[in-house]
Amino acid sequence: MNTPVSANLQKLRKFLEGRTGKAIMDYNMIEDGDTILVCCSGGKDSYTLLAMLMALQQRAPVKFRLIAMNLDQKQPGFPEDVLPRYFESLGIEYRIVEADTYSIVKDKIPEGKTTCSLCSRLRRGIIYRTAKELGANKIALGHHRDDMVHTLFLNMLFGGKMKAMPPKLVTDDKAHVVIRPLAYCSEADIAKFARGMEFPIIPCNLCGSQENLQRQKIKEMMHDWDKRYPGRTEAVFTAIQNVVPSHLGDNNLFDFRNLTLDTPVEQGDIAFDSEEMPISGSIPISPAV
Numbered sequence: 157m158n159t160p161v162s163a164n165l166q167k168l169r170k171f172l173e174g175r176t177g178k179a180i181m182d183y184n185m186i187e188d189g190d191t192i193l194v195c196c197s198g199g200k201d202s203y204t205l206l207a208m209l210m211a212l213q214q215r216a217p218v219k220f221r222l223i224a225m226n227l228d229q230k231q232p233g234f235p236e237d238v239l240p241r242y243f244e245s246l247g248i249e250y251r252i253v254e255a256d257t258y259s260i261v262k263d264k265i266p267e268g269k270t271t272c273s274l275c276s277r278l279r280r281g282i283i284y285r286t287a288k289e290l291g292a293n294k295i296a297l298g299h300h301r302d303d304m305v306h307t308l309f310l311n312m313l314f315g316g317k318m319k320a321m322p323p324k325l326v327t328d329d330k331a332h333v334v335i336r337p338l339a340y341c342s343e344a345d346i347a348k349f350a351r352g353m354e355f356p357i358i359p360c361n362l363c364g365s366q367e368n369l370q371r372q373k374i375k376e377m378m379h380d381w382d383k384r385y386p387g388r389t390e391a392v393f394t395a396i397q398n399v400v401p402s403h404l405g406d407n408n409l410f411d412f413r414n415l416t417l418d419t420p421v422e423q424g425d426i427a428f429d430s431e432e433m434p435i436s437g438s439i440p441i442s443p444a445v
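Counting in my numbering, the sequence shown runs from 157 upward without gaps.
In structure tokens:
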């Protein structure tokens, strides 16, 4: 697609490519010979994901194959011609999978209730099946840094777990590795890039209208924190990468029961100390490994 690129947009593109490349390197997301199924919903995140992976493919030291995939869930009014036309303009291999998950969700979930859980389970099964059919060993999703932070707070505040979205994981059936190459990219930068590139955005009408979703509340909370105290989201993401089990409370991660005077404890004794905390400013993403 021949979209004119301004100097500022080109600078942002390079920045996002650098962040994406660093995440891929830090977590060894892509290896030589990989076939990667890139899930494209038609939203800003997945368009950006595809753009980043295609750019990095051109100069990566390893060879890998990209296959773009869209799941047409048969939502009313879904413009089914948009993504095939876009993929063809890029010259990328792609697969459109049609499955009426919309009707299933509407039939099973009462009006006004959250549809995300069932919808995601149905999508996940179809994506895994498609990856197997196409011989893809990796599945790339467009979740970004903010998604990961929001998921952490969702699980902490509503699920009683300290659990976020990992940058890389193995599927339950042990058949694929799921990767999130935009793990180091902020939603604000992705949104700015998507606007500049004039991607043909397709809104999700199935769940986008549910304004009282818990995730939306968390998003609003973090937006407020970042507005009043810049760098909070980045700080929380950095904390996800710097876990100290001996200073939490999970007996499965640290053997508190059998703690003795000889047990090595990371970062020492702070029982009576107040740690120094930065008052403001952002915290950089962990250094390259």
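Idealized CB from N, CA, C, for every residue including glycine.
Keep in mind it's a predicted model, so treat the numbers as computed, not measured.
Rounded distance between the beta-carbons of residue j and residue i, thought under 8 Å
| i | j | result |
| --- | --- | --- |
| Leu278 | Ile265 | The Cβ separation is near 11 Å, so there is no contact. |
| Val194 | Leu205 | 6 Å |
| Leu290 | Arg251 | 6 Å |
| Ala292 | Thr176 | In fact, because the Cβ distance is near 19 Å, the residues do not count as touching under 8 Å. |
| Ile374 | His306 | 5 Å |
| Lys288 | Met185 | At roughly 20 Å, the Cβ-Cβ gap does not stay under 8 Å, so Lys288 and Met185 are not in contact. |
| Met377 | Thr389 | Going by Cβ atoms, the distance from Met377 to Thr389 rounds to 11 Å, so no, they are not a contact pair. |
Straight-line Cα distance separating residue j from residue i
| i | j | result |
| --- | --- | --- |
| Leu274 | Asp256 | 13 Å |
| Gln166 | Lys348 | 12 Å |
| Met318 | His403 | 13 Å |
| Lys170 | Leu409 | 39 Å |
| Gly199 | Asn311 | 24 Å |
| Lys294 | Arg351 | 28 Å |
| Pro359 | Asp380 | 24 Å |
| Ala444 | Gly174 | In this predicted model, Ala444 has a pLDDT of only 40, less than 50, meaning its place in the structure is not dependable enough to derive any value. |
| Cys196 | Glu422 | 42 Å |
| Gly281 | Leu172 | 30 Å |
| Ala207 | Val400 | 36 Å |
| Ala179 | Asp201 | 16 Å |
| Leu308 | Ala320 | 4 Å |
| Pro240 | Met225 | 10 Å |
| Lys219 | Ile283 | 23 Å |
| Arg413 | Glu244 | 60 Å |
| Thr394 | Pro356 | 33 Å |
| Phe314 | Gln370 | 8 Å |
| Leu297 | Asp406 | 30 Å |
| Tyr258 | Ile223 | 24 Å |
| Gly189 | Pro217 | 11 Å |
Range of the contiguous alpha helix (DSSP H) that encloses residue i
| i | result |
| --- | --- |
| Arg241 | 238 to 246 |
| Thr419 | Element bounds for Thr419: n/a, residue is neither H nor E. |
| Glu187 | Element bounds for Glu187: n/a, residue is neither H nor E. |
Residue range of the unbroken beta strand (DSSP E) whose run includes residue i
| i | result |
| --- | --- |
| Met225 | 221 to 228 |
| Val399 | Here Val399 belongs to no beta strand (DSSP E), and DSSP marks it neither H nor E. |
| Ile260 | Unbroken run through Ile260 is the alpha helix (DSSP H), 257 to 264; no beta strand (DSSP E). |
| Arg149 | Absent from the model: residue 149. The displayed extent of the chain is 157 to 445, so no value can be given. |
Residue i: CB within 6 Å of a non-hydrogen atom of the ligand MN
| i | result |
| --- | --- |
| Pro337 | With respect to the ligand MN, the structure offers nothing, as it holds no ligand at all. |
Open item on the list: With three or more C-beta pairs closer than 8 Å as the rule, is the stretch 296 to 312 touching the stretch 334 to 351?
Closed with: Touching, per the Cβ criterion.
Open item on the list: Tell me whether the stretch 374 to 385 and the stretch 235 to 253 touch, counting them as touching only if at least three CB pairs, one residue from each stretch, are closer than 8 Å.
Closed with: no
TODO: Take every Cβ of the stretch 222 to 232, pair it with every Cβ of the stretch 315 to 333, and state whether three or more of those distances are shorter than 8 Å.
DONE: no
TODO: Return the chain-ordered ranges of every beta strand (DSSP E) run that is complete within the stretch 288 to 328 and spans a minimum of 3 residues.
DONE: 294 to 296, 324 to 326
Task: 4-residue-minimum alpha helix (DSSP H) runs that sit fully inside the stretch 333 to 385, ordered along the chain - done: 343 to 353, 370 to 384
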